[in-house]
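Peer 1: Residue numbers (our numbering): 4 to 327. Have a look at the structure that comes next, please.
Here is the structure:
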C-alpha cells in the first residue's frame with residue numbers, strides 16, 4: 004500500500020515535499036517548549052491524505068498555486084488542533100501508535116498546544132486575506148463538532164437510525180475531506196459551481212471512507228484499531244444499525260441490552276459481531292460504501308483528463324481498498 008500511495012502522489016511529489024517544509028515554518032514559534040512539541044507532531048505525521056486531496060483537487064481544477072499550500076496548511080493545523088484536544092477529552096495515551104501530546108506533556112500543555120495550532124491556522128488565513136478558505140474550513144470544524152456531539156447524545160439512547168448515522172458521518176468525517184477538495188478547487192481559481200462540485204465529490208469520498216472504517220470494527224482486515232472497539236464505546240455504526248433493523252422486536256431488545264450493559268465483556272462483543280455478520284450487516288454496508296464510491300467517481304468524471312485526475316481517482320479507490 005505504501006508503494007500505491009507513492010504512485011498516487013507522483014504528479015504532486017514536489018509539491019508535497021515543499022509543503023512539508025512550509026508546514027514546519029507555519030508551526031514555528033518563539034517558545035522553545037512549543038517548538039519541541041510541534042516538531043514531535045510533524046515527525047509522527049500519517050499518510051498525509053488531506054494535503055494530497057488539496058493538491059490533487061487544485062491540479063484537477065486549474066492548477067496548484069501558493070494559496071493551495073496555505074489552504075492545505077490551514078486544514079492540517081485546524082485538524083491537528085482538534086486531534087490534540089480529542090486526546091485530552093478521551094484521556095487517550097496514544098495516537099497512531101505514538102504517545103499523545105497529553106501523555107507526554109499533560110493535559111494543560113496539550114490544550115494550550117491545540118489552541119496555538121488553531122490560532123496559527125486562523126492567522127495564516129487572515130494575514131493572507133484567504134477569507135474564502137477560512138470560511139470553508141471553519142464550517143468543516145463546526146460540522147465535526149456538531150457530528151461528534153450528535154453521536155454522543157445518540158449513544159446514550161442507542162436509537163440511531165440509518166439517516167441519523169449518515170448525518171453523523173457526513174459531519175464528523177466527510178466534512179473534512181470535502182473541505183480539502185473545496186479548498187483545492189478554490190485556490191486553483193475554479194468557479195463557484197466547480198468548487199461546489201469538488202466539495203460534493205469530497206463528501207462522497209468521506210462517506211465511503213467512514214463506512215470502510217466502520218467495517219474494520221468487525222475484524223474483516225488486520226487493522227490498527229482493536230476489533231469491536233465501536234461496540235465497546237456504544238457507537239451505532241451502519242452494520243449494526245442494518246442488522247437491528249432486520250431483527251425481530253425481541254431480538255433487537257436483547258442485542259441493545261447486551262450493548263448497553265455488557266459492552267466491556269469480550270464474549271458479549273463477539274456475540275454482537277456474530278449477530279451483525281449473520282444478519283447481513285457487513286454485506287449491506289459494503290454495498291452502500293460502493294454506492295458512495297461510484298457517486299464520487301461519477302462527479303470526478305465531469306473534470307478534464309489529467310495526471311491529477313487519474314491520481315485523484317486512484318486515491319478514492321485507495322480509501323476503500325485500504326487495509327488500515
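The C-beta atom is built at its ideal place from N, Cα and C for all residues, glycine as well.
With a threshold of 16 other CB atoms inside 10 Å of the CB of residue 166, please say whether the residue is buried or exposed.
Peer 2: Position 163 of the chain shown, counted from the first residue, corresponds to residue 166. The residue is exposed, with fewer than 16 neighbouring Cβ atoms inside 10 Å.
Peer 1: Below 8 Å CB to CB, which residues in the same chain sit around residue 53 once its five sequence neighbours on both sides are set aside?
Peer 2: By one-based count along the chain shown, residue 53 stands at place 50. The answer, listed in chain order, is 75, 78, 79, 82, 179, 180, 183.
Peer 1: Are the beta-carbon atoms belonging to residue 55 and residue 318 less than 8 Å from one another?
Peer 2: One-based indexing of the chain shown puts residue 55 at position 52. One-based indexing of the chain shown puts residue 318 at position 315. Yes; because the gap between Cβ atoms is below 8 Å, this pair is in contact.
Peer 1: As a quick exercise: from 240, 70, 208, 141, pick the residue whose alpha carbon is nearest that of residue 157.
Peer 2: The residue given as residue 157 occupies position 154 in the chain shown. Closest option to residue 157, Cα to Cα, is 240.
Peer 1: Keeping to the same chain, check which residues put their C-beta closer than 7 Å to that of residue 278; ignore five residues upstream and five downstream.
Peer 2: As a position in the chain shown, residue 278 is number 275, starting the count at 1. Cβ within range, chain order: 246, 258.
Peer 1: CB residue 210 to CB residue 173, shorter than 8 Å?
Peer 2: Taking the first residue of the chain shown as 1, we reach residue 210 at position 207. Taking the first residue of the chain shown as 1, we reach residue 173 at position 170. Cβ atoms of residue 210 and residue 173: closer than 8 Å.
Peer 1: Between residue 225 and residue 216, what straight-line distance do the alpha-carbon atoms span, to the nearest angstrom?
Peer 2: For this step, residue 225 is matched to residue 222 along the chain shown. For this step, residue 216 is matched to residue 213 along the chain shown. With a pLDDT of only 44 at residue 225, under 50, the local geometry of the prediction cannot be trusted, and no value is derived from it.
Peer 1: Please state the DSSP three-state secondary structure of residue 102.
Peer 2: As a working mapping, residue 102 is identified with position 99 in the chain shown. In this structure, residue 102 counts as strand in the three-state DSSP scheme.
Peer 1: Does the count of Cβ pairs from the stretch 105 to 113 and the stretch 10 to 21 closer than 8 Å reach three?
Peer 2: no
Peer 1: Less than 8 Å between the CB atoms is what I'm expecting for residue 11 and residue 58, so what's the real figure, rounded?
Peer 2: Here residue 11 refers to the residue found at position 8 of the chain shown. Here residue 58 refers to the residue found at position 55 of the chain shown. Wrong, their Cβ atoms sit about 11 Å apart, outside the cutoff.
Peer 1: For residue 103, which residues in the same chain have their Cβ closer than 7 Å to its Cβ, ignoring the five residues on either side in sequence?
Peer 2: The sequence position of residue 103 within the chain shown is 100, counting from 1. Closer than 7 Å at the Cβ level, and outside the excluded window around residue 103, lie 90, 95, 96, 97.
Peer 1: Tell me the DSSP secondary structure of residue 161 in three-state form.
Peer 2: Position 158 of the chain shown, counted from the start, is the residue given in the question as residue 161. Residue 161: coil per DSSP, three-state reduction.
Peer 1: Helix, strand or coil for residue 239, going by three-state DSSP, please let me know.
Peer 2: Mapped onto the chain shown, residue 239 falls at position 236. In the structure shown, residue 239 falls within a coil segment according to DSSP collapsed to helix, strand and coil.
Peer 1: Rounding to the nearest angstrom, what Cα-Cα distance links residue 101 and residue 253 in this structure?
Peer 2: The sequence position of residue 101 within the chain shown is 98, counting from 1. The sequence position of residue 253 within the chain shown is 250, counting from 1. When rounded, the distance between both Cα atoms is 44 Å.
Peer 1: For residue 40, which residues of its own chain have a beta-carbon under 7 Å away from its beta-carbon, when the five flanking residues on both sides are left out?
Peer 2: Here residue 40 corresponds to residue number 37 of the chain shown, with the count starting at 1. Counting only Cβ-Cβ distances below 7 Å, and skipping sequence neighbours, we find 104, 108, 116.
Peer 1: Verify whether the separation of the beta carbon atoms of residue 231 and residue 302 is less than 8 Å.
Peer 2: Stepping through the chain shown from its first residue, residue 231 is reached at position 228. Stepping through the chain shown from its first residue, residue 302 is reached at position 299. Cβ distance not < 8 Å, so residue 231 and residue 302 don't count as in contact.
Peer 1: With distances taken between CB atoms, is the gap from residue 60 to residue 188 smaller than 8 Å?
Peer 2: For the purposes of this step, residue 60 is identified with residue 57 of the chain shown, where counting begins at 1. For the purposes of this step, residue 188 is identified with residue 185 of the chain shown, where counting begins at 1. Closer than 8 Å, so yes.
Peer 1: For residue 262, collect the residues of the same chain with a Cβ closer than 7 Å to its Cβ; drop the 5 residues on either side in sequence, then sort them by chain order.
Peer 2: Stepping through the chain shown from its first residue, residue 262 is reached at position 259. The residues are 161, 234, 237, 275.
Peer 1: Which class does residue 306 belong to by DSSP, given the choice of helix, strand or coil?
Peer 2: The residue labelled residue 306 in the question sits at position 303 within the chain shown. Of the three classes helix, strand and coil, the one that applies to residue 306 here is coil, per DSSP.
Peer 1: Considering Cα atoms alone, identify which of 46, 221, 64, 198 is closest to residue 27.
Peer 2: Along the chain shown, one-based indexing puts residue 27 at 24. For the residues 46, 221, 64, 198, the minimum Cα distance to residue 27 belongs to 46.
Peer 1: If you run the structure through DSSP and keep just helix, strand and coil, what is residue 220?
Peer 2: On the chain shown, residue 220 is found 217 positions in, with the first residue counted as 1. Coil, per DSSP.
Peer 1: Give me the residue from 309, 135, 208, 13 with the minimum Cα distance to residue 298.
Peer 2: Here residue 298 corresponds to residue number 295 of the chain shown, with the count starting at 1. When each option's Cα is compared against that of residue 298, the closest is 208.
Peer 1: I'd like to know whether the C-beta atoms of residue 249 and residue 283 end up nearer to each other than 8 Å.
Peer 2: Locating residue 249 in the chain shown gives position 246, where the first residue counts as 1. Locating residue 283 in the chain shown gives position 280, where the first residue counts as 1. Contact flag set, yes.
Peer 1: Identify which residue in 50, 36, 63 has its Cα closest to the Cα of residue 194.
Peer 2: What you label residue 194 is simply residue 191 of the chain shown in a count that begins at 1. For residue 194, the nearest C-alpha among the options comes from 63.
Peer 1: Rounded to a whole number of angstroms, what is the C-alpha to C-alpha distance between residue 137 and residue 87?
Peer 2: Indexing the chain shown from 1 puts residue 137 at position 134. Indexing the chain shown from 1 puts residue 87 at position 84. Cα to Cα, the separation comes out at about 20 Å.
Peer 1: Where do the ends of the alpha helix (DSSP H) carrying residue 51 lie?
Peer 2: Working through the chain shown from its first residue, we reach residue 51 at position 48. Note, residue 51: premise wrong, no alpha helix (DSSP H); not H, not E.
Peer 1: Quick check on residue 36: buried or exposed, where buried means 16 or more other Cβ atoms within 10 Å of its Cβ?
Peer 2: For the purposes of this step, residue 36 is taken as the residue at position 33 of the chain shown. With fewer than 16 other Cβ atoms within 10 Å, it is exposed.
Peer 1: Would you kindly work out how many angstroms separate the C-alpha atoms of residue 285 and residue 251, rounded to a whole number?
Peer 2: As a position in the chain shown, residue 285 is number 282, starting the count at 1. As a position in the chain shown, residue 251 is number 248, starting the count at 1. Their Cα atoms are separated by approximately 19 Å.
Peer 1: Count the other CB atoms, across all protein chains shown, that sit within 10 Å of the CB of residue 92; report buried if there are 16 or more and exposed otherwise.
Peer 2: Residue mapping note: residue 92 aligns to position 89 of the chain shown, counting from 1. Counting every other CB atom within 10 Å of its CB across the protein chains shown gives residue 92 a total below 16, marking it as exposed.
Peer 1: Helix, strand or coil for residue 8 per DSSP?
Peer 2: As a first step, residue 8 must be located in the chain shown, where it is residue number 5. Residue 8: helix per DSSP, three-state reduction.
Peer 1: Please specify which runs of the alpha helix (DSSP H), each continuous and at least 4 residues long, are wholly inside the stretch 54 to 132, giving them in chain order.
Peer 2: If we require 4 residues or more, the alpha helix (DSSP H) runs fully inside the stretch 54 to 132 come out as 69 to 93, 104 to 130.
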